[in-house]
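In our numbering, the protein residues as written are 670 to 1008. Virtual Cβ for every residue (Gly too), placed ideally from N, Cα, C. These notes are about the structure you will find just below.
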Amino acid sequence: MRVFELERPGSVRVGVRAMPSAGALLRVETTGVCGTDHHVFGGRIAVPTPCLLGHEVIGRIERLARADGIVAEAGVGVGDRVLVAPSVPCGDCEGCRGLGRCLDRPVYGLTMAGDGLTGGFSPLLALVPGTRVYRVPERVPAKRAVFAEPMACVLSALRKAYDAHYAPPATDALVMGFGPIGVCAAVAIAASGGDVTVLEHDPERRSLALELGFAALAGAAQTPPRGYPLVIDSAGTPAAFASGLELLAWGGTLVEMGNYADLGAVAIKPSDICLRDLRVIGSGETLYDDFPPAIRLVAETPVALEAAITDVHRFDAMTEPSLLFTARARGKALIAFAS
Ligand SMILES: [Zn+2]
Ligand SMILES: [Zn+2]
């Protein structure tokens, strides 16, 4: 099986891996290229190498038996189109045994070591026991479906911020940074009736925000003096976190989703948080319950999400896979596999 594997930071090569003779298998339709993959390629997140990247995977179940231990809604079987939840509970850690929440979850395309089909940069993905898969309706185009995984990350973050609700109805928000997480955040806020303002320094990404129907600012100087009740930081720099705090209204909430890797430190004044009743919510873990609503949201949003896929790479035609990472896409990039 021809695959793309990360040889070491800075180099993804064409590799060959054996097809497993047993266990559940997914025929990959499309895999999104995530900011986390860029961090791994850039050496900012360490993974065991060689590594098959790719954790945003949509595909069809190719092989499945009850004994494979795959968790899915009733009736899901061979031929069904599904999203694969990237992380799998280990079943063995303190969290799995007592908290109902794994503290050490292996993740497809990131931390799953070994020479198997462990990531979505491969036409087939070997599904390990405990994997959760979620049905993706046939009518949802791949260019939308691929947003479901990052959308679930955003919905989890909002649910952590507002308990059972993703965001209180009509909460206006500032979305800092309009990469794929920013796109998902804007769509989620718009779905709950809030006005979205995007703050993005890159003119191309700013024009993408306008094209998708969101207000877009080039710099913080243009923001209103009283600030925003909700700021979602998806800008990808430590400095954005500090300016996000400043841009909050009294009693506001900052949801931090821009520093998925250790990108360094930034100075903040704790008194700002204390005296202005601010809340800061982090979200590294995506909760499984958020995948089905994320799939529905990317399927149904009136926002033209497809337009945010700006780079489609055909797996079969690609001979230099490092090129996936050497240019920054205006929107999101995906790998398309032959069906
Ligand atoms: Zn991701
Ligand atoms: Zn565990």
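If I follow the unbroken alpha helix (DSSP H) through residue i, where does it start and stop?
i: T995; result: L992 to T995
i: C713; result: First, the amino acid is wrong: residue 713 is Arg here, not Cys. Where R713 is concerned, there is no enclosing alpha helix (DSSP H), given that its DSSP letter is neither H nor E.
i: D864; result: Segment: none, D864 is in no alpha helix (DSSP H) and carries neither H nor E.
i: S940; result: P939 to L944
i: R804; result: Taken as a continuous stretch (DSSP letters only), R804 belongs to no alpha helix (DSSP H), being part of the beta strand (DSSP E) at V802 to R804.
i: A968; result: F960 to E969
What residue range is occupied by the uninterrupted beta strand (DSSP E) comprising residue i?
i: L796; result: L793 to L796
i: V823; result: Element bounds for V823: not the beta strand (DSSP E) but the alpha helix (DSSP H), A817 to A830.
i: Q1001; result: Note on residue identity: the sequence assigns Lys, not Gln, to residue 1001. K1001 to A1005 is the span of the beta strand (DSSP E), which, as asked, contains K1001.
i: P898; result: Y897 to D902
i: E925; result: L917 to E925
i: R813; result: Run containing R813: none in the beta strand (DSSP E); it sits in the alpha helix (DSSP H), A811 to A814.
i: T638; result: Since the first residue of the chain shown is 670 and the last is 1008, residue 638 is not available in this structure.
Pick helix, strand or coil for residue i, following the three-state DSSP scheme.
i: F673; result: strand
i: S618; result: Given a span of 670 to 1008 for the chain in the structure shown, any question on residue 618 remains unanswerable.
i: C720; result: strand
i: V949; result: strand
i: T705; result: helix
i: A857; result: helix
i: E725; result: strand
i: S680; result: strand
i: P849; result: helix
i: A909; result: helix
i: L779; result: coil
i: R750; result: strand
i: A889; result: helix
i: A693; result: strand
i: R732; result: strand
i: E975; result: helix
i: E742; result: coil
i: A833; result: coil
i: E807; result: coil
i: L843; result: strand
i: A998; result: coil
i: A986; result: helix
i: E763; result: helix
Going by alpha carbons, who is nearest to residue i out of the options?
i: G760; options: G748, V753, L752 and G769; result: G769
i: P971; options: G882, D958 and A909; result: G882
i: A884; options: M845, F910 and A904; result: M845
i: L1003; options: G701, T979, I850 and P907; result: G701
i: C822; options: I964, D784, M670 and P939; result: I964
i: I850; options: G863, L824 and G862; result: L824
i: R696; options: G712, C943, L675 and R750; result: R750
i: L685; options: M670, P678, D902 and A930; result: The sequence given here has Val at residue 685, not Leu. Considering only alpha carbons, the answer is M670.
i: C703; options: A986, V757, L779 and D959; result: L779
i: I950; options: D958, R997, P758 and K829; result: K829
i: V802; options: D773, V745 and G785; result: V745
i: A860; options: P894, P962 and A986; result: P962
i: D841; options: A996, A854 and A833; result: A854
i: P898; options: G863, M926 and L772; result: G863
i: A911; options: R983, K1001, L886 and P939; result: P939
i: L675; options: V747, Q891, A968 and G789; result: G789
i: M820; options: G896, P872, V981 and L956; result: L956
i: A996; options: H870, H982, R774 and A817; result: H982
May I ask you to check if the CB of residue i is nearer than 7 Å to at least one heavy atom of ligand 1?
i: E925; result: no
i: E818; result: yes
i: H724; result: yes
i: C703; result: yes
Any C-beta of chain D sitting closer than 8 Å to the C-beta of residue i?
i: R729; result: Structure shown: chain D not included; a single protein chain is present.
(Q) Using a strict less-than 7 Å threshold between each residue's beta carbon and the heavy atoms of ligand 2, what residues do you get? (A) P758, C759, G760, D761, C762, G764, C765, C771, L772, D773 and R774
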